[in-house]
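A.B. asks: Protein chains in written order, with full-length UniProt numbering: chain A, 1 to 340; chain B, 1 to 340; chain C, 1 to 322; chain D, 1 to 322.
Yeah, the Cβ is synthetic: ideal placement off N, Cα and C, and Gly gets one too.
To start, I am sharing the structure in question, which I have written as structure tokens.
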Amino acid sequence: MPEATTMATTGAPAGLNLRYGEAINAGLVRLLTELPETLVYGEDVAKPGGVFGVTRGLRRRFGDRVFDTPISEAAILGSAVGAALMGLRPIVEIMWADFSLVALDQLVNQAANARYVSRGEAPAPIVVRTQQGNAPGACAQHSQSLEALFLHVPGLRVVMPWTAQDGYDALLAAGYSDDPVIVIENRTLYAGEKTEVRIDGPPRPAGWTTVRRPGRDATVVTWGAITARVLAAADRLVADGIDLEVVELTWLNPLDLTEVLGSLGRTGRLAVVHEANVTGGFGAEVLARVAESGVPLSTAPVRIGTPDSRIPAAPSLAEALVPSVDRIAAQLTKLVQEKP
Amino acid sequence: MPEATTMATTGAPAGLNLRYGEAINAGLVRLLTELPETLVYGEDVAKPGGVFGVTRGLRRRFGDRVFDTPISEAAILGSAVGAALMGLRPIVEIMWADFSLVALDQLVNQAANARYVSRGEAPAPIVVRTQQGNAPGACAQHSQSLEALFLHVPGLRVVMPWTAQDGYDALLAAGYSDDPVIVIENRTLYAGEKTEVRIDGPPRPAGWTTVRRPGRDATVVTWGAITARVLAAADRLVADGIDLEVVELTWLNPLDLTEVLGSLGRTGRLAVVHEANVTGGFGAEVLARVAESGVPLSTAPVRIGTPDSRIPAAPSLAEALVPSVDRIAAQLTKLVQEKP
Amino acid sequence: MSDDRLPDPTQGLADLHGLWRIRVLEEKVRDLRLSGEIAGSVHLAIGQEAGPVGVCTELTEADALFATYRGHGWALARGVPADAMLAELAGRTTGLNGGRGGSAYFTAPRYGFHGENSIVGAGAPIAVGAALAGKHDGSGRIAVTVFGDGALNQGATHEALNFAAAFKLGVVFVCENNLYSELTPIADMVAEPELYKRAAAYGMAGERLDGNDPSAVRDAARRALERARAGQGPTLLELMTQRLVGHYIGDAEQYRPAGEVERAKQTEPIVRLRAALAAEGVPDTDLDDCENGAREEIEQAAAAALAAPIADGATAKEHIYA
Amino acid sequence: MSDDRLPDPTQGLADLHGLWRIRVLEEKVRDLRLSGEIAGSVHLAIGQEAGPVGVCTELTEADALFATYRGHGWALARGVPADAMLAELAGRTTGLNGGRGGSAYFTAPRYGFHGENSIVGAGAPIAVGAALAGKHDGSGRIAVTVFGDGALNQGATHEALNFAAAFKLGVVFVCENNLYSELTPIADMVAEPELYKRAAAYGMAGERLDGNDPSAVRDAARRALERARAGQGPTLLELMTQRLVGHYIGDAEQYRPAGEVERAKQTEPIVRLRAALAAEGVPDTDLDDCENGAREEIEQAAAAALAAPIADGATAKEHIYA
Ligand SMILES: Cc1ncc(C[n+]2csc(CCOP(=O)(O)OP(=O)(O)O)c2C)c(N)n1
Ligand SMILES: Cc1ncc(C[n+]2csc(CCOP(=O)(O)OP(=O)(O)O)c2C)c(N)n1
Ligand SMILES: [Mg+2]
Ligand SMILES: [Mg+2]
């Protein structure tokens with residue numbers, strides 16, 4: 001069952017100081033160590049250690065359970081499905097979420113159906129690691145945030161870790177999951193700060209959400225790398241006397257909105273912030289579920305995301321689209337100041 | 001600009017008596033006749049006239065502007081993009097929307113970007129005809145309703161005609177559109193009743209919605225083939241004294257909710273019905289936009305769709321999932337009887 | 001049948017029986033589709049029975065077979081019981097997948113039949129994964145994946161072929177070339193109609209053979225499987241065959257030239273094998289038994305299938321997640 | 001350069017100049033990336049200049065060229081002005097696409113350069129469509145699509161090759177085999193490393209050639225284009241080359257064996273062509289002029305590009321729809 005946690009400081013347990021990318025690497029090491037049925041493969045993941053260095057060292061340590069592949073996403077995903085049908089737990093990489101579009105069939109029509117059609121006899125517990133989002137200079141074909149596509153597919157699980165700890169925990173949970181799980185990472189995080197990461201606990205059950213910041217004035221729901229901007233905006237607004245509650249949905253499927261609905265019961269105001277473009281984004285699902293729940297809101301909810309545009313390469317253009325701390329802060333201010 | 005129409009009977013103009021599939025055929029004939037830059041191609045569309053007979057006769061009439069292709073969806077869509085970049089207006093068929101998943105890249109990363117990146121210099125005005133949804137016995141790989149995937153992609157247009165007239169008009173509008181348009185048809189409609197179809201008018205501007213039924217008690221928004229079930233449910237509920245307004249969104253992009261918001265101002269109750277599974281479906285977008293609009297609702301809105309499941313082949317199983325007239329009527333009754 | 005070889009009568013009779021089992025199964029499926037007991041699109045393998053009959057005798061329990069929507073015959077030859085298959089097609093609780101898969105997308109993993117697939121080309125990479133697993137799990141599993149001529153033009157098939165060849169995986173790619181991709185002649189959709197030649201592009205063995213002759217198929221399958229088991233990598237087999245019926249039930253087949261099907265009936269697997277065995281002196285009664293035995297088996301299977309209850313809609317939401 | 005042929009000095013000097021233009025452009029791009037004027041992933045064609053120089057002289061105005069993220073050199077050889085290209089990479093208003101495309105995805109249709117593509121394999125079907133259009137619009141257009149060795153393992157490329165061959169479309173498929181697919185040796189990812197042999201599978205002409213020799217490339221391109229213009233269908237050209245730099249700027253290239261790049265520097269296009277021309281007695285000053293002229297052009301282009309204003313964020317939402 002989904003589990004909600006708060007940032008309440010716990011007595012710091014033994015852990016490692018790891019960057020986000022290193023934490024994911026540590027998760028992979030643990031899975032390869034504990035689960036002999038895991039494989040790790042994808043383009044450039046083995047000998048070169050991944051284009052972002054995330055899978056560095058795995059080949060040396062685990063031999064041919066870690067291997068490089070041709071540039072053949074349908075074969076990567078399809079073979080993962082086939083190996084999983086035989087009882088393995090392949091962990092494959094799709095270098096950019098944008099590239100999954102050349103082979104989405106293998107996730108939607110194949111992986112997602114396997115358990116259902118066979119009534120549990122032949123599931124396809126694959127892990128697909130990918131990463132997404134804009135970064136300075138990235139072109140329109142390397143900038144999309146596509147979680148909403150995966151989230152409309154019954155049978156798939158989706159997690160979007162933002163911290164190093166969540167990266168580690170997400171990988172571990174995904175590797176132990178008996179469902180196909182898409183782990184959506186973000187390349188701007190890989191080389192981030194080192195933080196303490198506990199790597200000794202049992203796999204955490206899928207579905208956790210984290211209250212990153214308690215607050216009274218509005219409930220801000222977010223996920224993925226943009227959480228940092230949301231928190232920065234919230235911090236900045238303290239000076240204006242605005243006190244925001246920020247709930248990060250690490251898992252989007254399974255989706256647990258208990259924490260969000262509880263928070264809305266206190267704040268009465270809702271914003272969802274995601275990097276994906278607004279229309280058809282998963283923010284719509286959050287707003288829809290909140291509306292269906294009947295939790296009363298004192299003002300209309302808002303979605304803050306990239307406008308419905310392609311993403312241009314020039315940073316000056318992309319910055320005008322992808323929600324910035326400024327824009328998030330401005331829209332949240334408006335939300336909080338709206339008269340009920 | 002989007003235009004809303006009502007079913008108010010107009011003086012019947014000269015028209016033909018056509019089934020849905022025939023109306024689409026008539027639309028293709030007109031496009032091939034009026035626009036020398038159109039081509040029609042896809043798997044089995046030319047000599048065999050299409051697996052549903054929709055493109056029958058076109059090859060004979062228009063020669064090699066209509067041709068059959070290999071089973072190569074990426075080549076079909078990609079070549080359409082390339083031909084469009086050169087000034088043609090290819091109209092291609094993807095036999096089932098489910099199959100678009102083997103080649104989604106060409107729509108999302110290619111067609112949708114062309115105009116944007118080139119600042120209008122090299123757009124890709126392709127028309128992709130496809131059809132989707134469940135029909136008795138169809139397997140999980142031939143049953144999905146995938147409009148939400150396309151609707152999250154800025155740069156694409158999406159229309160889901162339900163009547164023969166709308167089928168004709170949608171094709172015509174798509175063919176004349178300078179944007180890439182996905183026309184999502186439904187195979188259960190092709191051989192339906194003959195109805196009068198006007199084929200002499202100018203192309204109708206994209207974006208129309210149709211109030212299929214005026215009513216006071218709730219606003220029911222729907223699209224695609226399931227509109228028939230919604231109307232049947234609404235008709236049935238008259239006996240219970242329930243009077244529903246049914247708004248069909250023929251175009252989902254461009255999306256015009258003026259009519260819906262106006263209707264909600266009168267009814268205060270909202271249901272969205274679609275065949276797609278609920279989570280991440282486009283019903284979420286409708287609920288989200290209504291919530292953002294601030295239009296007050298007297299009760300919580302509801303989404304009626306297929307539950308978040310794969311679709312089983314056995315009709316007895318699929319019927320338990322895809323919204324039936326009974327289930328729609330029951331949920332709408334509950335909506336209307338909900339205390340404010 | 002290659003004219004220079006006479007069939008071994010014992011194997012020949014077994015094959016004739018195998019061919020008839022599939023033929024009769026498919027005829028029964030057609031009847032049930034026309035009578036409404038089976039719903040939806042149904043793709044029959046009538047005329048294409050020799051492929052499954054020839055290949056499946058060569059598979060071990062550990063091997064994994066993958067087919068397409070036209071997979072009833074492959075499943076039957078692999079050992080999937082006809083009653084559970086028919087029950088599946090007829091949407092019964094006792095179906096292989098309780099009716100969830102249907103005619104075009106059932107699976108029977110416990111019989112080493114790892115699924116039909118109704119996305120053209122999608123089965124090939126999945127089979128490659130099964131072979132990949134075989135490399136890692138110590139099973140020695142070989143994967144056999146069956147697809148049509150048209151599927152070779154699909155990107156996923158290409159990627160699978162290269163992936164398997166690059167890593168010398170134990171896969172046998174069986175292409176059933178029945179001359180048509182759905183309603184369109186494959187000859188119009190390729191510039192090189194000898195499809196097995198694509199194997200060379202991937203650096204794998206490739207062979208075209210008489211796909212209406214169970215023993216020719218068997219010999220080729222044996223060679224391919226030996227190669228695979230010896231770690232020498234995959235093979236592409238192109239089985240030349242023809243369907244004697246439409247692409248799906250209801251196909252008007254207007255695209256087929258006059259006389260084509262009639263001619264194909266001269267060289268279809270059952271007619272030819274029966275004639276060859278008769279020429280060798282196998283008594284008519286033995287030959288007739290092949291058909292009769294098959295008819296009895298399928299008749300009983302159909303009766304059992306139809307006697308079972310229709311799948312219960314209340315269960316439709318089970319097994320979406322673990 | 002094929003050892004048996006001496007370059008025509010006039011063409012040779014033109015080619016040397018062409019090679020230098022690309023080399024210097026790419027060096028400038030690298031400088032601007034390292035200084036921060038250009039953002040994001042940048043893929044240089046240093047060492048691979050002979051392909052564009054050899055092919056582009058053979059194209060007519062009507063022809064359509066499609067490249068990949070490693071496309072700066074192809075664009076330059078096709079006639080795209082360096083200043084507008086550099087402005088594009090540096091996100092300036094004066095960029096080819098006002099900064100929207102960037103290094104990996106710009107397009108310059110008015111110059112017959114119909115776009116880079118940063119999805120591996122995606123450009124091939126698009127080029128096929130341009131050729132298809134050429135069949136219908138009376139332009140006689142031939143489409144040339146450029147991609148790497150690794151792209152041949154992508155499904156979309158396969159589908160494009162077959163589609164073009166089946167319909168005898170006027171396409172020249174140019175595969176730049178630089179031995180690596182990103183950071184992975186292509187030799188490890190295929191069982192048949194002679195990639196041009198795939199052409200036979202599609203029933204199209206195929207040829208491997210010295211991709212570091214502009215005149216060898218030109219000759220092969222001419223043959224392919226003639227074939228295409230004569231309605232004889234597509235050709236696959238495999239240009240053997242090597243990049244002298246990383247896959248992208250910042251690539252540590254640890255995957256390259258020691259000495260590989262040093263050896264490649266002996267056979268790279270500029271060194272070889274200069275030596276050959278010198279051996280023929282072309283004076284050093286003429287040879288130096290090739291480089292100097294290129295440096296001057298690119299220096300001016302860069303100055304012009306950087307002088308232009310940064311793209312205005314207020315315009316970012318324009319042109320999403322018609
Ligand atoms: C990706 C995809 N595209 C199209 C289809 C529709 N379709 C189903 S069967 C078929 C023809 C397949 O031909 P072939 O591979 O020769 O197999 P055959 O049916 O002849 O056995 C097509 C086009 C599909 N199921 N999947
Ligand atoms: C579909 C897809 N998969 C993966 C990538 C990531 N990627 C970019 S370039 C590249 C290597 C391409 O190698 P090759 O085709 O040989 O071209 P080269 O870069 O050597 O010129 C890869 C894997 C991509 N852009 N698109
Ligand atoms: Mg076929
Ligand atoms: Mg390369």
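Taking the alpha-carbon positions, what's the B:Gly-63 to C:Leu-239 distance?
C.D. replies: Numbered from its first residue, the second sequence carries residue 63 of chain B at position 63. Numbered from its first residue, the third sequence carries residue 239 of chain C at position 239. One C-alpha to the other measures close to 34 Å.
A.B. asks: Kindly list the residues whose CB is nearer than 8 Å to the CB of D:Pro-193, restricted to its own chain and excluding five residues on each side of it in sequence; keep chain order.
C.D. replies: Position 193 of the fourth sequence, counting from 1, holds the residue named residue 193 of chain D. Cβ neighbours of D:Pro-193 beyond the five flanking positions: Ile-186 and Ala-187.
A.B. asks: Buried or exposed: C:Glu-262, going by 16 or more other Cβ atoms within 10 Å of its Cβ?
C.D. replies: To locate residue 262 of chain C, count along the third sequence from 1; it is residue 262. The residue is exposed, with fewer than 16 neighbouring Cβ atoms inside 10 Å.
A.B. asks: Going straight from the alpha carbon of A:Ala-67 to that of D:Pro-309, what length do you get?
C.D. replies: As a first step, residue 67 of chain A must be located in the first sequence, where it is residue number 67. As a first step, residue 309 of chain D must be located in the fourth sequence, where it is residue number 309. The residue asked about is misnamed: residue 67 of chain A is Phe in this sequence, not Ala. Going by the C-alpha atoms only, they are around 46 Å apart.
A.B. asks: Can you name the residues that DSSP bridges to B:Glu-196?
C.D. replies: Your numbering for residue 196 of chain B matches position 196 in the second sequence. Looking at the DSSP assignment, B:Glu-196 forms a beta bridge with B:Asn-17.
A.B. asks: Where residue 371 of chain B and C:Gly-95 are concerned, what is the direct C-alpha to C-alpha distance, given to the nearest angstrom?
C.D. replies: Any answer about residue 371 of chain B is impossible in this case: the structure gives chain B only from 1 up to 340.
A.B. asks: Helix, strand or coil, according to DSSP, for C:Ser-181 in the structure here?
C.D. replies: To locate residue 181 of chain C, count along the third sequence from 1; it is residue 181. Residue state, collapsed to three classes: strand.
A.B. asks: Report yes if the C-beta of D:Tyr-255 is less than 6 Å from at least one heavy atom of ligand 4; otherwise report no.
C.D. replies: Position 255 of the fourth sequence, counted from the first residue, corresponds to residue 255 of chain D. Checking the Cβ of D:Tyr-255 against ligand 4 gives no.
A.B. asks: I need the straight-line Cα distance from A:Leu-31 to C:Leu-161, nearest angstrom please.
C.D. replies: In the first sequence, counting from the first residue as 1, residue 31 of chain A sits at position 31. In the third sequence, counting from the first residue as 1, residue 161 of chain C sits at position 161. So the alpha carbons of these two residues sit roughly 29 Å apart.
A.B. asks: If A:Leu-287 and A:Arg-303 are in contact, beta carbons under 8 Å, what's the gap, nearest whole angstrom?
C.D. replies: Numbered from 1 along the first sequence, position 287 holds the residue referred to as residue 287 of chain A. Numbered from 1 along the first sequence, position 303 holds the residue referred to as residue 303 of chain A. Right, the Cβ-Cβ distance comes to about 7 Å (below 8 Å), so this counts as a contact.
A.B. asks: For B:Pro-90, which residues does DSSP report across the bridge?
C.D. replies: In the second sequence, counting from the first residue as 1, residue 90 of chain B sits at position 90. In the DSSP output, where bridge partners are listed per residue, B:Pro-90 has B:Leu-39.
A.B. asks: Would you please verify whether the beta carbon of residue 338 of chain D is less than 7 Å from any beta carbon of chain B?
C.D. replies: Outside the shown range of chain D, which is 1 to 322, sits residue 338 of chain D, and nothing can be said about it.
A.B. asks: Could you spell out the range, first to last residue, of the alpha helix (DSSP H) harbouring C:His-17?
C.D. replies: Counted from its first residue, the third sequence places residue 17 of chain C at position 17. For C:His-17, the enclosing alpha helix (DSSP H) covers residues 9–34.
A.B. asks: Going by Cα to Cα distance, which pick from D:Phe-106, D:Phe-163 and D:Ala-191 is closest to D:Asn-153?
C.D. replies: Translated into the one-based positions of the fourth sequence, residue 153 of chain D becomes position 153. It is D:Ala-191 whose Cα lies nearest to the Cα of D:Asn-153.
A.B. asks: Taking the C-alpha atoms as reference points, what is the distance between D:Cys-56 and A:Gln-141?
C.D. replies: Counting from one through the fourth sequence, the residue named residue 56 of chain D turns up at place 56. Counting from one through the first sequence, the residue named residue 141 of chain A turns up at place 141. So the alpha carbons of these two residues sit roughly 26 Å apart.
A.B. asks: List the endpoints of the continuous beta strand (DSSP E) containing B:Ile-182.
C.D. replies: Numbered from its first residue, the second sequence carries residue 182 of chain B at position 182. Looking at the DSSP string, the run of the beta strand (DSSP E) that includes B:Ile-182 is 181–185.
A.B. asks: Is C:Gly-203 helix, strand or coil when you go by DSSP?
C.D. replies: By one-based count along the third sequence, residue 203 of chain C stands at place 203. C:Gly-203 falls in the coil class under three-state DSSP.
A.B. asks: What would DSSP say about C:Cys-56, mapped onto helix, strand or coil?
C.D. replies: Here residue 56 of chain C refers to the residue found at position 56 of the third sequence. Three-state result, C:Cys-56: helix.
A.B. asks: According to DSSP, is C:Cys-175 helix, strand or coil?
C.D. replies: The residue you call residue 175 of chain C lines up with position 175 of the third sequence. In this structure, C:Cys-175 counts as strand in the three-state DSSP scheme.
A.B. asks: At a cut-off of 6 Å, would you count A:Ile-311 as near ligand 2, judging by its Cβ distance to the nearest heavy atom?
C.D. replies: Here the question's residue 311 of chain A lines up with position 311 in the first sequence. For ligand 2, not one heavy atom lies less than 6 Å from the Cβ of A:Ile-311.
A.B. asks: So which of D:Arg-272, D:Pro-109, D:Tyr-105 and D:Ala-104 has the shortest CA-CA distance to D:Asp-63?
C.D. replies: Indexing the fourth sequence from 1 puts residue 63 of chain D at position 63. Measuring from the Cα of D:Asp-63, the nearest candidate turns out to be D:Pro-109.
A.B. asks: Could you give the distance in angstroms between the alpha-carbon of D:Ser-41 and the alpha-carbon of D:Arg-70?
C.D. replies: Position 41 of the fourth sequence, counted from the first residue, corresponds to residue 41 of chain D. Position 70 of the fourth sequence, counted from the first residue, corresponds to residue 70 of chain D. Cα-Cα distance, rounded: 11 Å.
A.B. asks: Hey, D:Leu-65 and D:Leu-25: beta-carbon distance below 7 Å or not?
C.D. replies: As a first step, residue 65 of chain D must be located in the fourth sequence, where it is residue number 65. As a first step, residue 25 of chain D must be located in the fourth sequence, where it is residue number 25. No, the pair does not count as a contact, with Cβ atoms beyond the cut-off.
A.B. asks: Given that a residue counts as buried once 16 or more other Cβ atoms are within 10 Å of its Cβ, and exposed if not, what is D:Ser-2?
C.D. replies: Taking the fourth sequence and counting its residues from 1, the one referred to as residue 2 of chain D is at position 2. Low confidence applies here, because D:Ser-2 scores a pLDDT of 45, under 50, leaving its location unreliable; read the following figure in that light. Its Cβ having fewer than 16 others within 10 Å, D:Ser-2 is exposed.
A.B. asks: Which one or two residues does DSSP pair with C:Phe-147 in a beta bridge?
C.D. replies: Mapped onto the third sequence, residue 147 of chain C falls at position 147. Its beta-bridge partners are C:Cys-175.
A.B. asks: With C:Leu-237 as the anchor, note down where its beta strand (DSSP E) starts and where it stops.
C.D. replies: Your numbering for residue 237 of chain C matches position 237 in the third sequence. Segment 235–240, the beta strand (DSSP E) holding C:Leu-237.
A.B. asks: Quick one: what does DSSP say C:Ile-310 is sitting in, helix, strand or coil?
C.D. replies: Here residue 310 of chain C refers to the residue found at position 310 of the third sequence. Three-state DSSP puts C:Ile-310 in a strand.
A.B. asks: Alpha carbon to alpha carbon, what distance is there between B:Asp-308 and B:Val-278?
C.D. replies: Position 278 of the second sequence holds residue 278 of chain B. Position 308 of the second sequence holds residue 308 of chain B. Going from the Cα of B:Val-278 to the Cα of B:Asp-308 covers about 6 Å.
A.B. asks: Determine the chain B residues that contact D:Asp-137 at a beta-carbon separation under 8 Å, and present them in chain order.
C.D. replies: As a first step, residue 137 of chain D must be located in the fourth sequence, where it is residue number 137. Here the neighbours are Glu-37, Met-86, Gly-87 and Leu-88.
A.B. asks: For A:Ile-242, which of A:Thr-188, A:Val-183, A:Gly-120 and A:Ala-329 has the nearest alpha-carbon?
C.D. replies: Position 242 of the first sequence, counting from 1, holds the residue named residue 242 of chain A. A:Ile-242 has its Cα closest to that of A:Ala-329, out of A:Thr-188, A:Val-183, A:Gly-120 and A:Ala-329.
A.B. asks: Which chain C residues are close to A:Ala-75, counting only those with a beta carbon under 8 Å from its beta carbon?
C.D. replies: Translated into the one-based positions of the first sequence, residue 75 of chain A becomes position 75. Pro-125, Val-128, Ala-156, Glu-159, Ala-160, Asn-162 and Phe-163, listed in chain order.
A.B. asks: Run down chain A in chain order and give the residues with a C-beta less than 7 Å from the C-beta of D:Ala-317.
C.D. replies: If you number the fourth sequence from 1, residue 317 of chain D lands on position 317. Per the sequence shown, the amino acid found at residue 317 of chain D is Lys instead of Ala. Simply Pro-307 and Ser-309.
A.B. asks: Taking 6 Å as the cut-off, is the CB of D:Ala-201 close to at least one heavy atom of ligand 2?
C.D. replies: Translated into positions along the fourth sequence, residue 201 of chain D becomes position 201. No; taking the cut-off as 6 Å, the Cβ of D:Ala-201 has no heavy atom of ligand 2 nearer than that.
A.B. asks: Under a three-way DSSP split, which group does C:Ile-46 fall into?
C.D. replies: Along the third sequence, read from residue 1 onward, the residue named residue 46 of chain C stands at position 46. Correct three-state label for C:Ile-46: coil.
A.B. asks: Got a sec: is the Cβ-Cβ distance from B:Ala-138 to anything in chain C below 7 Å?
C.D. replies: Against the second sequence, residue 138 of chain B aligns to sequence position 138. At a cut-off of 7 Å between C-beta atoms, B:Ala-138 counts as an interface residue with respect to chain C.
A.B. asks: What is the DSSP secondary structure of A:Trp-251, reduced to helix, strand or coil?
C.D. replies: Translated into positions along the first sequence, residue 251 of chain A becomes position 251. Reduced to three states, the DSSP call for A:Trp-251 is strand.
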